[in-house]
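**Student:** Number 113 in the numbering used here belongs to position 94 of the sequence shown; there are no gaps in the numbering.
Positions of the beta carbon are idealized from the N, C-alpha and C atoms, including for glycine.
It should be emphasised that the depicted structure is a prediction, and the values quoted were computed from it without experimental measurement.
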Amino acid sequence: MCGIVGYFGSKQASPILVEGLSKLEYRGYDSAGIAIINEGHLKVTKCKGRLANLEAQLLEEPLMGNVGIGHTRWATHGKPSDENSHPHTNEKETISVVHNGIIENYIHLREWLMSKGYKFTSETDSEVIPHLIDFYYNGDIVDAVMKAITKMEGSYAIAVITSDEPDKLVAVRKDSPLIVGLGKDEFYVASDIPAVLNHTREVYLLEDKEFVVISSDGIKLLDAEGETINKEIFHVTWDAEAAEKGGYEHFMLKEIHEQPKAIRDTMTSRIVLGEPITLDDINITKEQIKNLNKIYIVACGTAYHAGVVGKYVIEKLARIPVELDIASEFKYRDPIMDKNTLMIVISQSGETADTMSALRLAKSKGARVIAVTNVVGSAASREADDVLYTWAGPEIAVASTKAYVTQLIAMYIIALFFAQSKETLSNEEIEEIKIAMMELPEKAEEVLKNKETVQKFTAKTYMHKDMFFIGRGLDYAVAMEGSLKLKEISYIHSDAYAAGELKHGPIALMEEGTIVIALATQEAVFDKTVSNIKEITTRGAKVFAFAPVGHTEIEKSVFSVTYIPKVMDILAPVISVIPLQLLSYYMAIQKGCDVDKPRNLAKSVTVE
Ligand code: F6R
């Protein structure tokens with residue numbers, strides 16, 4: 020949550036900072052601001068609302084100068100307001116700070132600083148930082164920041180400038196992401212790589228308590244003790260275009276269309292016909308897999324829904340018991356784990372605070388952790404024992420789409436890898452699944468070609484206030500994801516139910532005209548799903564079904580049916596989720612919602 024940027028060079032900092040922030044708006048968009056040093060003076064412009072508001076202000080009153088920092092906020096402590104916007108400064112307005120994270124002991128620090136005469140102008144936790152740095156400042160900003168962070172508890176990525184040392188920019192992180200972009204005689208800091216991609220592909224990925232000090236002498240990386248450290252430069256291979264909209268009206272639509280490629284990329288070199296599955300960053304041995312007593316899959320939101328499928332396929336293919344947990348609930352139930360327990364965390368960003376705290380708890384209990392994440396160098400990838408990257412590429416839209424399907428692919432890969440190690444499936448059975456997986460990108464393309472069918476449906480239904488999603492088995496897992504997608508971007512209330520569960524309560528909600536989206540992709544339970552559909556259509560529900568090509572018998576029982584390509588039952592979620600993503604997208608468009616930035620949501624949720 021929140022995005023920070025910094026620039027140090029010979030160009031005007033303001034447009035570079037604003038452009039960087041525009042690439043980070045997915046991290047929060049409650050307010051934005053920049054601070055720049057100009058001729059020895061610190062100037063700050065900041066305001067509530069989207070980045071466009073800040074741009075308008077800068078147009079009226081430009082900020083000149085070559086060193087600056089910027090921030091885009093997702094409010095945690097203190098409502099979205101001009102006062103609570105970053106950058107924050109000390110009282111003399113000589114030190115300016117942008118912060119991403121939460122200072123957990125800020126109340127204590129605030130009281131302590133107030134007792135020393137410091138005055139606060141915002142309700143934020145972040146404002147303690149410039150005052151704390153001011154308290155320790157004695158002509159050396161690096162020393163002051165180093166001292167200040169020893170007092171700060173919680174998470175932070177901060178960038179600091181001061182008019183007293185106008186040719187210096189200092190940044191440091193702990194539990195919040197921070198990268199450093201290396202240009203030609205110019206440097207950038209940012210919460211995430213897309214913010215610097217238009218300028219450089221060479222970056223440092225900072226670890227906890229690592230500092231970067233940028234000055235006219237160049238760049239220095241320091242550890243918490245102030246000792247110089249050397250780091251490998253990470254070369255970003257993504258195309259800068261990949262982080263842009265690429266001709267689509269919204270990132271979400273673009274990302275929905277990128278799914279065939281994302282599925283293919285995630286399988287590349289892992290699913291090869293006739294060869295055993297080998298996973299580069301997973302070092303768990305055959306022996307350790309055989310000794311596993313249990314697997315926990317832990318994640319949030321959409322990633323959790325990928326976990327629902329993961330539980331199903333790992334148990335089915337590898338015969339290892341799997342427990343599935345919502346990350347924010349995990350620690351409250353004193354989970355039973357030991358060295359023979361495996362935790363799989365699924366997280367697109369690899370920075371989600373709830374997921375990270377579950378990961379840390381598992382590690383403290385001696386369990387092994389595999390992270391399934393989309394972000395190289397993310398906290399999850401660094402702290403887990405093993406990593407399986409989903410190669411979805413940067414996902415900018417807040418609503419997760421391509422990350423979800425790649426998380427599903429990761430679940431299949433892990434299930435097959437374990438099945439291969441435990442020999443719970445024959446080589447022929449594994450090959451059969453691999454062949455079916457390799458057909459998925461093409462089948463996903465087919466669904467995308469028929470998107471008009473879904474679009475037409477939304478034109479008739481977008482004004483409804485409630486909807487239901489139903490399905491059995493893996494269709495239920497996808498129903499949950501479809502329902503989440505619909506609520507988060509179109510603000511239409513929806514619930515997902517296991518179709519067989521309707522009769523135990525929710526059927527009371529069915530009346531004339533109730534809209535129900537029914538998934539009937541699972542051969543094994545097809546007839547039972549159709550029976551459940553009949554139970555609700557007789558009560559007036561208007562059922563829109565998604566069924567595999569060829570199952571025309573369903574037409575008699577539903578208001579309308581959209582046919583989707585037939586795939587192996589266990590792989591169906593990869594295909595059936597796509598029309599549901601499109602459905603949410605077009606519903607949101609019909610309603611005029613801000614698809615890529617739904618209200619109250621942020622892409623990367625780095626607070627618990
Ligand atoms: C929904 C969505 C969220 C995320 C959740 C976890 O579209 O994107 O529900 O899935 O916040 O985020 P990650 O995967 O980054 O841990």
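According to DSSP, simplified to helix, strand and coil, what is L225?
**Tutor:** Coil at L225, not helix or strand.
**Student:** Whether or not the segment 308-321 and the segment 401-416 are in contact is what I'm after, with contact meaning three or more pairs of Cβ atoms, one per stretch, closer than 8 Å; do they touch?
**Tutor:** No: fewer than three Cβ pairs fall under 8 Å.
**Student:** Within 7 Å: the Cβ of C319 and any heavy atom of ligand 1?
**Tutor:** Yes, ligand 1 has a heavy atom inside 7 Å of this Cβ.
**Student:** Closer than 7 Å by C-beta to K470: which residues in its own chain qualify, once you throw out the five before and the five after it? Chain order, please.
**Tutor:** If we look at K470 and ignore the five residues flanking it on each side, its Cβ neighbours are L601.
**Student:** How would you write the range of the alpha helix (DSSP H) that I355 sits in, first residue to last?
**Tutor:** Segment: none, I355 is in no alpha helix (DSSP H) and carries neither H nor E.
**Student:** So which of S288, K98, A51, C21 has the shortest CA-CA distance to S174?
**Tutor:** Of the candidates S288, K98, A51, C21, the one whose C-alpha sits nearest the C-alpha of S174 is C21.
**Student:** With a threshold of 8 Å, are at least 3 pairs of Cβ atoms found where one atom belongs to the segment 349-357 and the other to the segment 395-405?
**Tutor:** Not touching, per the Cβ criterion.
**Student:** Tell me the rounded alpha-carbon separation between T108 and H150.
**Tutor:** Cα to Cα, T108 sits roughly 7 Å from H150.
**Student:** What residue range does the alpha helix (DSSP H) around M133 cover?
**Tutor:** It spans 125-134 - the alpha helix (DSSP H) in which M133 sits, taken as one unbroken run.
**Student:** Less than 8 Å separating the beta-carbons of S509 and A422?
**Tutor:** Cβ distance not < 8 Å, so S509 and A422 don't count as in contact.
**Student:** Which complete alpha helix (DSSP H) runs does the segment 81-155 hold, if anything under 4 residues is left out?
**Tutor:** Listed in chain order, the complete alpha helix (DSSP H) runs (minimum 4 residues) inside the segment 81-155 are 125-134, 147-155.
**Student:** Between which two residues does the beta strand (DSSP E) carrying G28 extend?
**Tutor:** Taken as a continuous stretch (DSSP letters only), G28 belongs to no beta strand (DSSP E), as it is neither H nor E.
**Student:** Applying the 10 Å Cβ sphere with the 16-neighbour rule, what's the burial state of D236?
**Tutor:** Exposed: under 16 other Cβ atoms inside 10 Å.
**Student:** Can you find a heavy atom of ligand 1 that lies under 7 Å from the Cβ of T371?
**Tutor:** Because some heavy atom of ligand 1 lies under 7 Å away, the Cβ of T371 counts as near it: yes.
**Student:** Cβ of V327 versus every heavy atom of ligand 1: is any distance shorter than 7 Å?
**Tutor:** The answer is no for V327.
**Student:** Just to confirm, is the Cβ distance from G68 to E142 under 8 Å?
**Tutor:** No.
**Student:** Within 10 angstroms of the Cβ of T304, are there 16 or more other Cβ atoms? Answer buried if so, exposed if not.
**Tutor:** With fewer than 16 Cβ atoms within 10 Å of its Cβ, T304 is classed as exposed.
**Student:** Using a Cβ-Cβ cut-off of 6 Å (strictly less than) and excluding sequence neighbours within five positions of A243, which residues of its own chain qualify?
**Tutor:** Cβ neighbours of A243 beyond the five flanking positions: K228.
**Student:** Between G84, K622, D546, V624, which lies nearest to V26 when the distance is taken from Cα to Cα?
**Tutor:** The question names Val, but residue 26 is Tyr in the sequence shown. Nearest of G84, K622, D546, V624 to Y26, Cα basis: G84.
**Student:** Which partner residues does K441 have in the DSSP bridge list?
**Tutor:** K441 pairs with nothing; no bridge assigned.
**Student:** Kindly list the residues whose CB is nearer than 8 Å to the CB of A463, restricted to its own chain and excluding five residues on each side of it in sequence; keep chain order.
**Tutor:** Within the same chain, A463 has close Cβ partners Q278, P279, I282, V424, V593, I594, I597.
**Student:** What separation, rounded to the nearest whole angstrom, lies between the Cα atoms of L1 and V231?
**Tutor:** It is not possible to answer for residue 1, since the shown part of the chain is limited to 20 through 627.
**Student:** When the Cα of K62 is compared with those of P81, A434, A51, which residue comes out closest?
**Tutor:** Ranking P81, A434, A51 by Cα distance to K62 puts P81 first.
**Student:** Please give me, in chain order, every unbroken run of the beta strand (DSSP E) with length at least 3 that falls completely inside the segment 209-288.
**Tutor:** Here the runs fully enclosed are 221-224, 230-234, 237-241.
**Student:** Tell me the DSSP bridge mates of P567?
**Tutor:** Paired residue(s): I583.
**Student:** In or out: G492 buried (at least 16 other Cβ within 10 Å) or exposed?
**Tutor:** The residue in question, G492, is buried, as its Cβ has 16 or more Cβ neighbours within 10 Å.
**Student:** Let me check understanding here. Comparing Cα to Cα, which of K250, I122, A591 lies closest to A176?
**Tutor:** Of the listed residues, the one whose Cα sits closest to A176 is I122.
**Student:** Kindly indicate the opening and closing residues of the alpha helix (DSSP H) around K170.
**Tutor:** First-last of the alpha helix (DSSP H) with K170: 160-170.
**Student:** When you measure from the CB of T285 to every non-hydrogen atom of ligand 1, does any distance come out below 7 Å?
**Tutor:** No; taking the cut-off as 7 Å, the Cβ of T285 has no heavy atom of ligand 1 nearer than that.
**Student:** Nearest-angstrom Cα distance between I552 and L528?
**Tutor:** Near 14 Å, if we compare the C-alpha coordinates of L528 and I552.
**Student:** How about the segment 502-516 and the segment 581-593: do they share at least three Cβ pairs that are nearer than 8 Å?
**Tutor:** Touching, no, given that fewer than three Cβ pairs across the two stretches are closer than 8 Å.
**Student:** Quick check on H254: buried or exposed, where buried means 16 or more other Cβ atoms within 10 Å of its Cβ?
**Tutor:** Exposed, by the Cβ-count rule.
**Student:** Can you pull the DSSP bridge partners for N310?
**Tutor:** Per DSSP, none; premise fails for N310.
**Student:** Three Cβ pairs or more, each shorter than 8 Å: is that satisfied between the segment 293-301 and the segment 436-445?
**Tutor:** At 8 Å Cβ cutoff, the stretches touch.
**Student:** Mapping the DSSP letters down to three states, classify F488 as helix, strand or coil.
**Tutor:** Of the three classes helix, strand and coil, the one that applies to F488 here is strand, per DSSP.
**Student:** Nearest-angstrom Cα distance between G569 and S576?
**Tutor:** Roughly 15 Å between the two C-alpha positions.
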